[in-house]
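One structure is given below, encoded as structure tokens.
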Amino acid sequence: MRVWIPLFCILVAAFAEDDVSEDSSEHGVVKGTKGTNCRCGWANKDSQRIVGGKETKVNEYPMMAGLFYTPRNVLFCGGTVITRWHVVTAAHCVEPVLHVPEDVQIVLGEHDQSKVDESPYTKVYRVKEMVNHPDYFLVGHRNDIAVILSETRFEFNDYVGPACMPTGAEVIVGSKLKVLGWGKLSVDGPASKVLMKVNLNVVPIEQCAKVYDRVNTTEAKQVCTHHPRKDACQGDSGGPLLWLDRETNRYTLVAAVSHGRGCAEGHPAVNTNIIYYRDWIQKIIRETKPEGRICKKQG
531 MRVWIPLFCI LVAAFAEDDV SEDSSEHGVV KGTKGTNCRC GWANKDSQRI
581 VGGKETKVNE YPMMAGLFYT PRNVLFCGGT VITRWHVVTA AHCVEPVLHV
631 PEDVQIVLGE HDQSKVDESP YTKVYRVKEM VNHPDYFLVG HRNDIAVILS
681 ETRFEFNDYV GPACMPTGAE VIVGSKLKVL GWGKLSVDGP ASKVLMKVNL
731 NVVPIEQCAK VYDRVNTTEA KQVCTHHPRK DACQGDSGGP LLWLDRETNR
781 YTLVAAVSHG RGCAEGHPAV NTNIIYYRDW IQKIIRETKP EGRICKKQG
């Protein structure tokens, strides 16, 4: 699970050696002033600090999923649990293996890839189907989103469960989003064995348009994130960008890691806006597993 396949891996959370953004032990733990229609977006806090960022506690973020490529024994991309059968990820992650779902597995409850008995909640699920957005285009990573269907129902508990889905335009400039992943800690460095987390800032989409071609500035298809000393790097595209809803005190999936340039080199990163594709995601859920239920804020 520790080999990097360049074909699949473009981005993951990487951590520069600077201060760690504030992260309250109450975030995602205590109840907020509003509830959700089903349990979602909670966190199991009490993490330990490491150099350049934070290692998550084992099973701290129950919604985190890893995609495992069995022929090469490698965890190649990240994803987010959204129902008892579905994971959201980036289209460029599954495009190369779209027609061989038997070669891909979903890993839930994972933390340290080097250990096999760290968490009793780690479980591997076989993939039944992978659905890319019909308008996905590799050049510019346009419509870079996909939904994966598990052959069997996910076992939810306190340590494995879904992220909340967005209900409106949650992502605004100035928001802070949490990125999770197992990827490289620097461009030329090794991949992290343990799940890592970092906070990035949402900046105007025009900042990404100055750096990358084909960034859509007229429709809210993408989210631009930036931090002068923190970034995403090779290793775990498709992973979640989570927004803490202050009303529910639960984490909402608002974007998926798509692409960028370098690692913590001053460039912004482009992410797929889940809010824009919410209706398409729900359509795929209905078509593949109608009983699949997304969770979201009430009221």
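The opening residue of the sequence shown carries number 531 in our numbering; numbering runs sequentially from there.
Backbone N, C-alpha and C define an ideal beta-carbon position, used for all residues, glycine too.
| Item | Value |
| --- | --- |
| Per DSSP, cross-strand counterpart(s) of cysteine 694 | Thr782 |
| 4-residue-minimum alpha helix (DSSP H) runs that sit fully inside the segment 552-617, ordered along the chain | none |
| Coil, strand or helix - proline 664 by DSSP | coil |
| Reference alanine 799; option with closest CA among Met726, His671 and Asn662 | His671 |
| Residues that DSSP places opposite arginine 672 in a beta bridge | Phe667 |
| At least 3 beta-carbon pairs within less than 8 Å: the segment 635-643 vs the segment 743-759 | no |
| Isoleucine 612, buried or exposed, once every other Cβ within 10 Å from all chains shown has been counted against 16 | buried |
| Nearest to glutamate 736 (by Cα), restricted to the options Gly608, Val703, Gly562 and Phe606 | Val703 |
| Residue from Phe686, Cys623, Val630 and Ala693 whose Cα sits closest to the Cα of alanine 676 | Cys623 |
| Which residues DSSP lists as bridging proline 770, in chain order | Ala786 |
| For valine 678, the three-state DSSP class (helix, strand or coil) | The amino acid at residue 678 is misidentified as valine; the sequence shows isoleucine. It is a strand residue. |
| Secondary structure of valine 533, DSSP reduced to three states | Because valine 533 carries a pLDDT of 31, less than 50, the predicted location of this residue cannot be relied on, and no value is offered for it. |
| Reduced DSSP secondary structure (H/G/I, E/B, other) of glycine 822 | coil |
| 4 or more residues per run - each alpha helix (DSSP H) lying fully within the segment 619-653 | 621-624 |
| Glutamate 777 burial status per 10 Å Cβ neighbour count (16 or more: buried) | exposed |
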